[in-house]
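Residue numbers (the numbering used here): 371 to 1236. We put the beta carbon where it would ideally sit given N, CA and C, even for glycine.
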Amino acid sequence: MQNSSRQYPLQKIAFAVSLAISISCISTVVQAQTTSNTALYFTVDTGRLTQALNTVAMQANVSLLFDANQTNDYQVDALHGNYTVEQAFLILTRKTPFQIVKKSSGYVLVNNSEFDKKVATPLQKPDPNVMQQSLASSIISDQNQMYQMPTIYVQVGKVDVAQFGQSRLNQTMINRYQANNVAQLLDTMPGVATAGSPRPGGQTINILGKGGVADVPVTVDGALKTFDKYRQGSVFIEPEVLKMVTVDKGPHNVEVGNGGFGGKVTLETKDAQDLLENDRNIGAFVKYSRFSNNQQNTYTGAVYGKSSHNLVDGLLYFTQRDSGNVKRPDGTAFLYSAQTQDTYLAKFNIHLTDEQKISLNAMQSSHSGWEPFAAMRDQDATPTAKDIALYGYDEAWKRRLVFRDQKDSSYSVGYELKPIDNPYIHFSAKATYSQTQQHDQRLPSVSFSASNLGDESWVKYQNSSIKLMNTAKIETDDGIHTVKTGIQYQNMKQNALMLVRSYLNNPEFNYGLYQPNYMPAGDQQMYSAFIEDQYQIASITLAPSLRYDDITNQGYGNIAPRYSNISVGQNYTPKTYTGWTPRLALAWKQAEYLTWFANVSKTWRAPRVDEQYYTDGPSSTVPATSLYLKPERMLALRFGNEANFDDVFTKNDHLQLRLTYYHNRGSDEIFRNRSVFCKAQADLIASGKSTNSSVCNGDYNRGFYRNITDYTIKSYEAELFYNQPNFFAGLTYSYIRGQRDNSPVNPWFNQRTWIEETPPRKATATMGLVLPEHQFTIGWRGVFVDAQKRSILNTDNSIGASGFSLPRTKGYALHSIFMDWQLFSNKGPQLNLSIDNLFNRDYKIYLGEYMTGTGRDFKLSISQKF
């Protein structure tokens, strides 16, 4: 079995590696939908032309290629107001010797003396009185694809190497997906999978085979969200408030410390400037959505505005989801999956000067109702016929459920200073706070065990952070240095309390009220500093970085004497971990259409509070806390290339191609202490004898967690997008393969075992038609998931290993269609129509522990700005 598991993917590896060293993809990023004469609000400070052009490109989310060495000597006046993208570029360049060249993939700035050599049409210089309008169909945008890949240009004077592994969803895509939760938004990206149920808050995110809260941090407007409650999901953000979702794959971002082995998910909420129309200073927005599967109605409203001189802008946003039960493909319902969730968002920006800005953000959401305790699972607690006859149908069900009151909030305040004509200072400071809490209650007439958080429970996760960062641009004769430096403070605090009525008279359990032993109370404080130098010379960018983290875990103890017995090792004293994370990124623009990139990172993560202070009863095999734990480490590699081809089959078409290879080698993995506790026990088991921990004579780690041996995760991704003014198509493919060197329940096992948290192979496809003159798009999207036959039981079929295996699943294909239509040009309402699971395919989700998928769903939304 060991040989076959190693040799099986050799052909695929050879094929993927050969592709990875050939050509890949560059994705153009053009945010504005439909026509190039759509006005956007631009805020550009007085200063260098280089900085101004970058600002317009970023605010409009378009691709712009230019040589910073040519533009650094020119100054431009401030630009504030509503303009088209072309108008903004033309105003900035009209007193310079440059021309803006418009290509299918975006924009290029060239010197007039070089213009005759360019095969493209320049933007005409604007009339002083009447701005020249451009044709919509000549700009090719990737907004119709499943997601965006940020364009990497090495010779623009500003390269962010973090973009190499990024994928993004912009507002157009978020509107089109009409998702119930953030996990649904991400599921079509290669290398990204979700686990859990369709219930509110029942989802987690898996990137490159890593799915824990520590492995995939999620932030909202900079505020970290961590919720790690037993058998619950971790993501509770309302998709309606989002304008951008960015996924970083792999631990290669210098701003992420203590984990992030899988990657990072960054969520950005809407603000006033995203919604204001043309030159108006005040506006309103309303939206209504209807989903057929669960009879869901979503109501959204917003008011927003800005002062006449753009000193202040603000937004108040509200959305409510009100639905029934989600249905399976066979028509049966996920009982008690209905939800009513309210979300409030307030955002304000204060522009003290052209150089300074203060941002204030606040978001709250709440949900309450009867639902199963384990939100991530299918219906695993059903009443018996006897209970129904005795209590009636409604009460019989509620005796198996909890009434859950859930609240989630995020707050942040930020300050930005960007002095004019001072490239050495681009300073930002941000303070954030987030909190997620759940209060579960069962009927007074029932009593549940402590393993299900008892009869009533209170759980709260809080995160606070402060981050100071400066980016300095230093130009030398040899090249340009973009030096990023920063310091961070982060505090992750968790508290849980439960009431177990069966222990009301038991002093060992503090008379029934105490902290769950498997959800210990405590906090983790992190002090960090980092520096990164993106050194750009000619067509090469070299970006070394170094990060230092000082992390202290503190347990709060347990008020139950049973879990506060120091004689068996239940020790809640602090434990500190420190270490360095070196990283190196490289980009090389070999040709105009081809860029190579590579990353290597050696990073680590400290144990979480749950892992460090989890305890069991004094008489158990593992009664102690795990203060002996070492940090888990990873050596991560990523390499590939991106290509961008214009005018491939017809004029004004664009072909994008990217292939990426990831190789992550982990060591000292933190895993539950199970089954085999020492080598003497492992040797007896290997010889066919039955034994237990007694043969270890107490010489083993007695905590609930331990460090086991090494593992390897390899991932191959292929992404291909084609765009032209009236047609688009895309294909993606991802294959993730994860193996441990030994068994997680027997570190002395002499064969490799599959990592169960690795998702199956996945391919996606999309194609559609666009009528720019009518602002109309229609298309089809398919998701193709392979069968998952790899299991830890393939090599280790012991009783201990079976507890960590997931049910194997068959492959399936899901088809969807969608339509977007801006009625009556820019003045009319926006209509989005889609049908998910078009053929009502019955399927099982592997990472969802054989969770049944949802049935066909007709989704309709209509929105209007005023």
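First and last residue of the beta strand (DSSP E) that includes residue i?
i, result
"residue 1191", "1182-1192"
"residue 539", "536-539"
"residue 1202", "1200-1206"
"residue 945", "945-961"
"residue 1139", "1132-1141"
"residue 764", "Careful: residue 764 lies outside any beta strand (DSSP E), inside the alpha helix (DSSP H) at 763-768."
"residue 916", "910-925"
"residue 709", "709-723"
Output the distance between the C-alpha atoms of residue i and residue j, rounded to the nearest integer angstrom.
i, j, result
"residue 1128", "residue 1179", "13 angstroms"
"residue 467", "residue 893", "58 angstroms"
"residue 1193", "residue 1007", "47 angstroms"
"residue 465", "residue 648", "26 angstroms"
"residue 771", "residue 812", "7 angstroms"
"residue 374", "residue 1162", "Caution applies to residue 374, whose pLDDT of 39 falls short of 50 and renders its modelled position unreliable; the value that the coordinates give is listed next. Residue 374 and residue 1162: Cα-Cα distance of roughly 14 angstroms."
"residue 659", "residue 1230", "6 angstroms"
"residue 776", "residue 1185", "33 angstroms"
"residue 495", "residue 723", "Model confidence at residue 495 stands at a pLDDT of 41, short of 50, so the residue's coordinates are unreliable; what they give is reported in the following sentence. Spanning the two alpha carbons is a distance of roughly 30 angstroms."
"residue 992", "residue 1083", "29 angstroms"
"residue 410", "residue 462", "15 angstroms"
"residue 719", "residue 453", "21 angstroms"
"residue 1233", "residue 1197", "11 angstroms"
"residue 563", "residue 1017", "34 angstroms"
Candidates the options: which alpha carbon is nearest residue i's?
i, options, result
"residue 449", "596, 730, 586, 680", "680"
"residue 1000", "984, 964, 1076", "1076"
"residue 1189", "1160, 1140, 813", "1140"
"residue 1170", "781, 1212, 1060", "1060"
"residue 590", "603, 419, 782", "782"
"residue 1226", "661, 692, 459", "661"
"residue 644", "785, 612, 803", "612"
"residue 1211", "422, 642, 698", "698"
"residue 856", "820, 918, 849", "918"
"residue 825", "834, 837, 809, 582", "809"
"residue 1081", "1104, 1100, 1039, 1051", "1039"
"residue 1191", "545, 759, 763, 718", "545"
"residue 965", "950, 1026, 915", "1026"
"residue 753", "837, 762, 1065", "762"
"residue 1154", "653, 519, 585, 1213", "1213"
"residue 586", "1136, 995, 975", "975"
"residue 444", "431, 413, 481, 433", "481"
"residue 553", "713, 514, 637, 593", "637"
Please classify residue i as buried or exposed, where buried requires at least 16 neighbouring CB atoms within 10 angstroms.
i, result
"residue 1120", "exposed"
"residue 944", "exposed"
"residue 1011", "buried"
"residue 1110", "buried"
"residue 1002", "buried"
"residue 946", "exposed"
"residue 900", "buried"
"residue 1094", "buried"
"residue 1068", "exposed"
"residue 792", "exposed"
"residue 402", "Because residue 402 carries a pLDDT of 33, less than 50, the predicted location of this residue cannot be relied on, and the following value inherits that uncertainty. With 16 or more other Cβ atoms within 10 Å, it is buried."
"residue 721", "buried"
"residue 960", "exposed"
"residue 962", "exposed"
DSSP beta-bridge partners for residue i?
i, result
"residue 1113", "1116"
"residue 1016", "1024"
"residue 699", "Paired residue(s): none; residue 699 is not in a bridge."
"residue 1151", "1136, 1186"
"residue 672", "655, 687"
"residue 414", "449"
"residue 930", "Answer is none; residue 930 lacks a bridge partner."
Hey, quick one: how far does the alpha helix (DSSP H) through residue i stretch, first residue to last?
i, result
"residue 1041", "Counting along the chain, residue 1041 falls outside any alpha helix (DSSP H), though it belongs to the beta strand (DSSP E) covering 1040-1042."
"residue 428", "419-430"
"residue 459", "455-463"
"residue 1050", "1049-1056"
"residue 981", "979-983"
"residue 1170", "1169-1172"
"residue 860", "First-last for residue 860: 850-869, but that is the beta strand (DSSP E), not the alpha helix (DSSP H)."
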